[in-house]
Amino acid sequence: MTDLQPGERILWEGRPEPGGLLDVSRPGEMIFGLAFIAFSLFWMTKAMEQGAFWLFGLPFLVVGLKLAFWRAYQPRLRAKFARYTLTDRRAIAAMHWPLAGVREHALTLTPATIVDSEGEPATITLRQQMTGPRGAVTESLIFDRIDESAQVLALIRQVQRGAA
1 MTDLQPGERI LWEGRPEPGG LLDVSRPGEM IFGLAFIAFS LFWMTKAMEQ GAFWLFGLPF
61 LVVGLKLAFW RAYQPRLRAK FARYTLTDRR AIAAMHWPLA GVREHALTLT PATIVDSEGE
121 PATITLRQQM TGPRGAVTES LIFDRIDESA QVLALIRQVQ RGAA
């Protein structure tokens, strides 16, 4: 559950559609990761003959695993742990990671918020230009792979008009 501001009302809550395809958009990175894993395992087995020296290969094994598998499985993990909330003021995406805890990202909806939708189940992207001491920065928030996209888009438009 997200922390609401005083007087704020929840209009919609949802989660991404589970499943989906694996992201294999960078096969070179995955192949390099597999080679990294193979070399680190080879090095670690050879280093076992010299005591605890093989432990120095563990960071390289972890890097190889990340390169080979993290990008492919990340969308599925995000779908499993993400929760989305739309209020009468903000859009909130919360990730409920098992070990890291809850990480929330909120974006205040204004008439200037740019709203894009694509795919089915739809991914809704909200973008907003913010100006601060470091100049203009674009903040974005994504509701990834949601079923009720037409309903959510209508609610976002209502919030932008101030009618929610």
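The working numbering applies: residue 1 is where the sequence shown begins, and numbers increase by one.
Positions of the beta carbon are idealized from the N, C-alpha and C atoms, including for glycine.
From a predicted model like this one, the values you see are computed outputs, not experimental measurements.
Nearest candidate by alpha-carbon position, reference residue i, set the options
i	options	result
Asp23	Val63, Val102 and Pro75	Pro75
Ala112	Ala106, Arg161, Ile31 and Tyr84	Arg161
Ile114	Gly101, Pro6 and Met130	Met130
Glu120	Thr138, Thr108, Glu148 and Ala136	Glu148
Leu155	Arg89, Lys80, Ala72 and Gly135	Arg89
Trp97	Pro6, Arg83 and Pro133	Arg83
Thr123	Val159, Pro18, Ile146 and Lys80	Ile146
Cut-off 8 Å between Cβ atoms - residues of its own chain near residue i, not counting five sequence neighbours on either side
i	result
Arg78	Pro16, Met95 and Asp144
Lys66	Gly33
Close Cβ partners of residue i (< 6 Å) along its chain, the five nearest in sequence each way excluded
i	result
Arg103	Met95
Pair within 7 Å by beta-carbon distance, residue i and residue j
i	j	result
Thr87	Ile10	yes
Phe39	Ala47	no
Ala93	Leu141	yes
Ala68	Met44	no
Ile107	Leu126	A small correction: the amino acid at residue 107 is Leu; Ile does not occupy that position in the sequence shown. Yes, the Cβ-Cβ distance between Leu107 and Leu126 is below 7 Å.
Glu118	Gln128	no
Nearest-angstrom beta carbon gap, residue j and residue i [assumed within contact, 8 Å]
i	j	result
Gly64	Gly14	The pair is not a contact, with the Cβ atoms about 36 Å apart (cut-off 8 Å).
Own chain, CB closer than 7 Å to residue i, minus 5 neighbours either side, in chain order
i	result
Leu109	Arg89, Arg90, Ala91, Ile156, Val159 and Gln160
Beta strand (DSSP E) runs wholly inside the region 75 to 105, at least 3 long, in chain order: 82 to 87 and 90 to 97
In chain order, each beta strand (DSSP E) run of at least 3 residues that lies wholly inside the region 4 to 49: The region 4 to 49 contains these whole beta strand (DSSP E) runs: 10 to 14.
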